[in-house]
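K.L.:
Sharing a structure, written as structure tokens. Questions coming.
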Amino acid sequence: MGARKRIKANQIKEENKSKAFASLRNVPTSPRKMRLVTDMVRGMEVNRALDVLRFSPKEASNRVEKLLLSAIANWQAKNEGQRIEESALYVKEISVDSARILKRLRPAPQGRAHRIKKRSNHVTILLGSKTAEADSTKQ
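Given below as structure tokens:
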């Protein structure tokens with residue numbers, strides 16, 4: 002690894018130490034279905050987002066709810082001594098990226114076969130604190 006690449010990697014690593022995020026890899030749900038759920042909670046306050054996900058009938062909402070709880074636990078580990086209620090946590094960023102696609106064959110009439118694409122995705126949640134951002138703008 003070159004010097005510039007190593008310096009940039011260390012810089013990114015230092016920035017990630019202050020961020021509270023969680024990622025979910027290789028979820029066997031199509032990215033389109035997962036984006037419907039993630040779009041519901043983008044920008045929401047954390048407790049409200051948990052309520053929305055808990056009462057959503059979509060199957061993907063259970064996975065996103067667990068991921069959000071993991072991101073909250075990561076935030077608590079990085080910010081010991083602070084309370085969630087006082088910091089006004091919200092879902093700053095949430096992204097769904099396509100993962101590997103499994104290609105399967107489905108029998109079709111007259112000896113043919115149709116390709117079936119079984120899609121999967123990666124989900125990443127980044128939490129932000131409204132009080133911390135307000136403090137940084139005052140300075």
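Residue numbers 2 to 140, in our numbering, belong to the letters of the sequence shown in order.
The beta-carbon is built from N, C-alpha and C at its ideal position, and this holds for glycine as well.
In this text, all values refer to a predicted model and were calculated from it rather than measured experimentally.
1. Only counting the same chain, and skipping five residues up and downstream in sequence, which positions put a Cβ closer than 6 Å to that of H123?
2. In whole angstroms, what separates the C-alpha of K6 from that of R55?
3. With H, G and I counted as helix, E and B as strand and the rest as coil, what does DSSP make of G3?
4. Taking 7 Å as the cut-off, decide whether the C-beta atoms of A23 and A72 are in contact.
5. What are the boundary residues of the beta strand (DSSP E) that includes E94?
6. Per the DSSP calculation, E46 is bridged to which residue(s)?
7. Let's test the definition: count the other Cβ atoms within 10 Å of the Cβ of I126 and tell me whether it reaches 16, buried, or not, exposed.
8. My parser needs the alpha helix (DSSP H) runs of 4 or more residues fully inside the region 15-68; what are they?
9. Identify whether N80 lies in helix, strand or coil by the three-state DSSP scheme.
10. Under the assumption that V28 contacts S121 (Cβ atoms under 8 Å), give the Cβ distance between them as a whole number of angstroms.
P.N.:
Judging by the given coordinates:
1. R26, D98, A100
2. 42 Å
3. coil
4. yes
5. 90-108
6. Y91
7. buried
8. 32-42, 47-55
9. coil
10. 6 Å
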